[in-house]
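Enquirer: Here the UniProt record's numbering is used: position 59 in the sequence shown is 59, and no number is missing along the way.
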Amino acid sequence: MKVYISGCTSGQAIYQVTDVTNPEDSKKLVQYAKENFGKIDAIFLNAGIMPSSPLSALHVEEWENMVDINFKGVLNGLAAVLPEFTAQKSGHVITTSSVAGLKAYPNGGVYGATKWAVRELMEVLRMESAQEGTHIRTATIYPAAINTELLNTITDKEAAEGMTALYEQYGISPEAIARIVAFALEQPEDVNVSEFTVGPTTQPW
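#1: Nearest-angstrom Cα distance between residue 25 and residue 73?
#2: Tell me which same chain residues have a C-beta within less than 8 Å of the C-beta of residue 21, skipping the five on either side of it?
#3: Taking the beta strand (DSSP E) that residue 177 belongs to, which residues open and close that run?
#4: Going by DSSP, which residues form a beta bridge with residue 45?
#5: So, using beta-carbon positions, are residue 108 and residue 146 closer together than 9 Å?
#6: With a cut-off of 8 Å on the beta carbons, I'd call residue 114 and residue 163 a contact; round off their distance for me.
#7: Taking residue 198 as part of the beta strand (DSSP E), name the residues at either end of that continuous run.
#8: If you follow the alpha helix (DSSP H) that residue 159 is in, where does it begin and where does it stop?
#9: Using a Cβ-Cβ cut-off of 6 Å (strictly less than) and excluding sequence neighbours within five positions of residue 92, which residues of its own chain qualify?
#10: Compute the Euclidean distance between the alpha carbons of residue 141 and residue 165, then round it to the nearest angstrom.
#11: DSSP three-state call for residue 143: helix, strand or coil?
#12: For residue 14, is the classification buried or exposed, using 16 other Cβ atoms within 10 angstroms of its Cβ as the cut-off for buried?
#13: Three or more beta-carbon pairs under 8 Å between the segment 98-108 and the segment 182-190, yes or no?
#14: For residue 37, count neighbouring Cβ atoms within 10 angstroms of its own Cβ and tell me buried if that reaches 16, exposed if not.
#15: Could you give the residue range of the alpha helix (DSSP H) that holds residue 65?
#16: Under DSSP, the alpha helix (DSSP H) around residue 85 begins and ends at which residues?
#17: Rounded to a whole number of angstroms, what is the C-alpha to C-alpha distance between residue 194 and residue 204?
#18: Does the beta-carbon of residue 59 have 16 or more other beta-carbons within 10 angstroms, so that it is buried, or is it exposed?
Quick look at the structure:
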């Protein structure tokens with residue numbers, strides 16, 4: 001995102017703490033942005049957790065948390081911003097899925113399911129926007145090993161050890177994702193680049 005922001009000669013950055021599992025929080029965030037900037041051009045729905053474990057471990061509470069944050073959180077953000085984008089007939093919805101949303105792997109059953117769900121949601125949003133003439137653009141990002149705090153959400157010892165080893169070997173800076181977001185935002189209004197798979201050059205996935 002630095003690349004995108006560096007071209008701006010002026011501007012204002014604000015924030016608001018938001019619980020993405022709470023629909024009202026998402027609505028308040030959208031309203032806060034609208035009050036400060038007049039309109040909303042884009043939303044990046046990026047919140048997520050990855051408490052990987054074998055299904056047989058029955059970490060049911062973690063499953064529920066992943067569904068609430070990784071998928072329902074995206075739904076809440078979309079529900080909050082969609083009326084604005086529809087009314088103004090423009091807007092850009094960017095989401096973070098995962099390579100786990102493209103390919104299954106052991107210990108990633110529920111995490112991957114939430115990311116597959118995001119993929120489906122965004123593709124349907126793109127199609128319906130085109131049909132309805134609302135001009136809402138979409139971009140779904142499928143990251144591989146990106147060095148973020150996701151590993152801190154894994155409580156299963158063996159799964160944590162395996163993922164930590166993978167990230168230590170292959171992990172790259174999250175700035176790679178920021179550059180993709182900037183690229184998507186910089187496209188002309190009549191261009192929609194809907195999917196990006198992003199990861200280390202050395203990682204075979």
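Note that the Cβ used here is the ideal one computed from N, Cα and C, for glycine as well. Please read all numbers here as calculations on a predicted model, not as lab measurements.
Expert: So, from the listed chains and residues:
#1: Answer to the nearest angstrom: the Cα atoms are 10 Å apart.
#2: 68, 69, 72, 73 and 76, listed in sequence order.
#3: Unbroken run through residue 177 is the alpha helix (DSSP H), 175-186; no beta strand (DSSP E).
#4: Note: residue 45 is bridge-paired with 95 in the DSSP secondary-structure output.
#5: No. Outside cutoff.
#6: Contact between residue 114 and residue 163 is ruled out by a C-beta separation of about 16 Å, above the 8 Å threshold.
#7: Start and end: 195-198.
#8: Where residue 159 is concerned, the enclosing alpha helix (DSSP H) starts and stops at 157-170.
#9: For residue 92, where only same-chain residues beyond five positions count, the Cβ hits under 6 Å are 42 and 137.
#10: Going from the Cα of residue 141 to the Cα of residue 165 covers about 23 Å.
#11: Of the three classes helix, strand and coil, the one that applies to residue 143 here is strand, per DSSP.
#12: Residue 14 comes out exposed.
#13: A contact between stretches requires three or more CB pairs, one per stretch, nearer than 8 Å, and the segment 98-108 fails this requirement with the segment 182-190.
#14: By the 10 Å Cβ count, residue 37 comes out exposed.
#15: Counting along the chain, the alpha helix (DSSP H) containing residue 65 begins and ends at 60-66.
#16: Membership of residue 85 in the alpha helix (DSSP H) is indicated by the continuous run 73-88.
#17: Looking at the two C-alpha atoms, the distance is approximately 23 Å.
#18: Classification for residue 59: buried.
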